[in-house]
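Asker:
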Amino acid sequence: MNNVGRDGKKRMIAALVHHYAIPGKQAEAETLICTNGRNMRAFEGFVTRFTLTAEGSPRKISTVTVWETEEAQKKWAESDVRKKVASAAGNLWVKKPEAEIYEVIPELT
23 MNNVGRDGKK RMIAALVHHY AIPGKQAEAE TLICTNGRNM RAFEGFVTRF TLTAEGSPRK
83 ISTVTVWETE EAQKKWAESD VRKKVASAAG NLWVKKPEAE IYEVIPELT
């Protein structure tokens with residue numbers, strides 16, 4: 023992804039991550055995810071973040087994080103700050119979190 027859309031304009035990217043908390047660990051998992059969200063705000067290129075729980079499946083916690091560029095998102099993903107928080111999460115998940123990167127398509131104005 024090169025952050026330039028078909029129209030030649032720069033595009034933001036969004037990271038969608040699904041986390042699956044172990045039964046009884048949901049509150050702890052949510053706290054950890056929110057800590058990560060606060061830490062992201064200090065990184066250049068951060069735009070916004072939403073944390074969601076699935077209706078009918080509250081142990082599925084998803085995050086959508088928007089970045090100005092793919093490079094900014096990669097710097098966060100490879101940062102010591104993120105790795106430190108992630109290492110503390112080993113006993114919270116049923117399985118490894120699932121992540122995908124998307125190009126943000128701007129709304130027509």
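Take 23 as the starting number for the sequence shown in the numbering used here and just add one per residue.
Glycine residues also receive a C-beta, built at the ideal position from the N, C-alpha and C atoms.
Just so you know, these numbers come straight off a predicted model, no measurement behind them.
Using CA atoms only, rank isn't needed, just tell me which of M62, Y42 and T53 is closest to K94.
Answerer: The sequence position of residue 94 within the sequence shown is 72, counting from 1. Reading off the sequence shown, one finds Ala at residue 94, where the question assumed Lys. When only C-alpha atoms are compared, the closest one is M62.
Asker: Distance, Cα to Cα, T57 vs G112?
Answerer: The count along the sequence shown starts at 1 and reaches residue 57 at position 35. The count along the sequence shown starts at 1 and reaches residue 112 at position 90. Distance between the alpha carbons of T57 and G112: 15 angstroms.
Asker: Looking at C-alpha atoms only, which residue of K97, A43 and V88 is the closest neighbour of V116?
Answerer: Residue mapping note: residue 116 aligns to position 94 of the sequence shown, counting from 1. Nearest C-alpha to V116: A43.
Asker: Among the candidates R33, H40 and L114, whose CA atom is the shortest distance from the CA of K82?
Answerer: For this step, residue 82 is matched to residue 60 along the sequence shown. Taking only the C-alpha atoms, the option nearest K82 is H40.
Asker: Since I believe Y124 is in contact with I55 (beta carbons under 8 angstroms), could you give me their beta-carbon distance rounded to a whole number of angstroms?
Answerer: Taking the first residue of the sequence shown as 1, we reach residue 55 at position 33. Taking the first residue of the sequence shown as 1, we reach residue 124 at position 102. With a Cβ gap of about 19 angstroms, I55 and Y124 do not count as contacting.
Asker: So which of K47, G46, E92 and L38 has the shortest CA-CA distance to F72?
Answerer: Residue mapping note: residue 72 aligns to position 50 of the sequence shown, counting from 1. Of the listed residues, the one whose Cα sits closest to F72 is L38.
Asker: Any chance you could list the alpha helix (DSSP H) runs of at least 4 consecutive residues sitting entirely within the stretch 34-77, in chain order?
Answerer: Runs found: 48-62.
Asker: Express the C-alpha separation of E77 and T87 in angstroms, rounding to a whole number.
Answerer: By one-based count along the sequence shown, residue 87 stands at place 65. By one-based count along the sequence shown, residue 77 stands at place 55. Computed Cα separation, rounded: 20 angstroms.
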